[in-house]
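The sequence shown begins at 647 in the numbering used here and counts up one residue at a time.
C-beta: ideal position from N, C-alpha, C; glycine also.
As the structure is a computational prediction, the values presented were derived from the model and not from experiment.
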Amino acid sequence: MAVPTDPTHGNVRYNGNGTDPVDEDEMTSDSESSSFGLDELTDEEFPEHFSERDGRLFHSSPTSPYPLPVDTPEQERLTMNHDIFRLFFGSHSIGPVADLLGDSPNLLRQKMVLDMCTGNGKWPIAMAQQFPRAHIRAFDIVPIATRYPPENVRFEIHDVNNIPFRWRDGTFDLVNARDIAMAVHDYRAVLQEAVRLLRPGGLFISYEWAPHSPINLNVPPSPNYIPAIRHLHSSVNAAFHLTRNMQILSDQVRRYIVDVGAFTDITATEHLIPIGDWHTDAMLKEVGLLTLEANKRYGDSVKPLLMEAGWTGTQVDGLLEDYKQELDNTIGLNSVLVTVYATKA
647 MAVPTDPTHG NVRYNGNGTD PVDEDEMTSD SESSSFGLDE LTDEEFPEHF
697 SERDGRLFHS SPTSPYPLPV DTPEQERLTM NHDIFRLFFG SHSIGPVADL
747 LGDSPNLLRQ KMVLDMCTGN GKWPIAMAQQ FPRAHIRAFD IVPIATRYPP
797 ENVRFEIHDV NNIPFRWRDG TFDLVNARDI AMAVHDYRAV LQEAVRLLRP
847 GGLFISYEWA PHSPINLNVP PSPNYIPAIR HLHSSVNAAF HLTRNMQILS
897 DQVRRYIVDV GAFTDITATE HLIPIGDWHT DAMLKEVGLL TLEANKRYGD
947 SVKPLLMEAG WTGTQVDGLL EDYKQELDNT IGLNSVLVTV YATKA
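Okay, structure coming up:
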């Protein structure tokens, strides 16, 4: 079984070193999350959070639809995505985050950040280092983040679909939602919860990979172009719908934000992230190599979902072989990353 082997990963239900000055008086709602104030998992508690299937490790939550593994290979893919975002944007965030969280001579209250579906926790740790006076809360369905976070970071276990979250209205200056589409039953409900949690003037940020085939600006769209890549993406979408009765969203996020009617200054952008080393720009070439490997890892991670939908192992392995060959041998491909940020009115 492939389990997290990094010494900073572990069976931790609540991660925090107890020195965060917000800990004692942090605002919490009347309905406390079961994640708050928890300690290390015992061996007996491990099955409450993890299960093994076909040599991969998964969450065992009965309420989360998230279909991908949570083991070491998948955590490595998430780290690649974190590095892709950092390199591509030249920062750990987009939008007016620096103005929102930066030091101010008139600082009258503690700046607070929430990261939903944090995964291995790379983003909260990076943000804590960049903004050491901000206090960051992050949660995920499984305890795979570091057990030794910075003093201003707390990791908790919580299912994003379990609403309301434990914090009171207006607790946070920033709510971050990075690549959460496969984990959310009802994005509108999660967005409404983000509205509740944000202070006026607070920022909501979304990053989602588009659930369709990569784009090549030099080749007209055609069903005969990159057929294995197209087949894999369409099959994943179909399998996700078949097994969970859900669609993978990306371009709908802006519409949801508009519809909720609580935000201003809504900025939505589609970014082309190169796949492979074809780009002439040195930074984008580095991004492309990371994206190539991350896409291959994604293919491996969706194999159990396809098998859950009725594929045989032989069928999936054949598709993945063709998929990876096309990724390696096709010049000019770009994954599409959709970002949206908006300010609470």
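Bridge partner(s) assigned by DSSP for residue i
i	result
Lys990	Phe909
Asn822	Asp761 and Ile851
Glu839	Answer is none; Glu839 lacks a bridge partner.
His1033	Outside the shown range of the chain (647 to 991) lies residue 1033, about which nothing can therefore be said.
Asp786	Ile803
Ser981	Ile919
Ser881	Note: Ser881 sits in no beta bridge, so no partner.
Glu698	Leu703
Ile861	Asn980
Ala774	Beta-bridge pairing links Ala774 to no other residue.
Three-state class that DSSP yields for residue i in the structure shown
i	result
Leu802	The question names Leu, but residue 802 is Glu in the sequence shown. Glu802: strand per DSSP, three-state reduction.
Pro711	coil
Asp717	coil
Phe811	coil
Ser681	Unreliable positioning characterises Ser681 in this predicted model, as indicated by a pLDDT of 41, which lies under 50. The coordinate reading is nonetheless provided below. Residue state, collapsed to three classes: coil.
Arg845	strand
Ala829	helix
For residue j and residue i, the rounded distance between their alpha carbons
i	j	result
Pro693	Phe735	38 Å
Ile790	Pro719	13 Å
Gly741	Asp700	41 Å
Ile861	Gln756	43 Å
Phe1000	Phe850	Look at the range of the chain in this structure, 647 to 991, and you will see that residue 1000 is not part of it.
Asp729	Ile919	12 Å
Ala648	Phe731	In this prediction, Ala648 scores a pLDDT of 40, lower than 50, which makes its location untrustworthy; the coordinate-derived value is nonetheless stated afterwards. Rounded to whole angstroms, Ala648 to Phe731 spans 26 Å at the Cα level.
Leu979	Gly922	8 Å
Arg876	Leu966	12 Å
Met773	Val899	23 Å
Arg783	His705	21 Å
Thr937	Gly748	31 Å
Gln775	His879	36 Å
Asp897	Val984	7 Å
Val933	Ser737	14 Å
Gly956	Thr889	10 Å
Tyr871	Asp946	22 Å
Integer Cβ distance of residue i from residue j, believed to fall under 8 Å
i	j	result
Val906	Leu837	6 Å
Ala829	Ser710	6 Å
Ala914	Val982	Not quite, the Cβ-Cβ distance comes to about 12 Å (not below 8 Å), so this is no contact.
Leu714	Val948	7 Å
Leu973	Val962	Going by Cβ atoms, the distance from Leu973 to Val962 rounds to 16 Å, so no, they are not a contact pair.
query = Three or more C-beta pairs closer than 8 Å, one from the stretch 786 to 801 and one from the stretch 810 to 825: is that the case here?
reply = no
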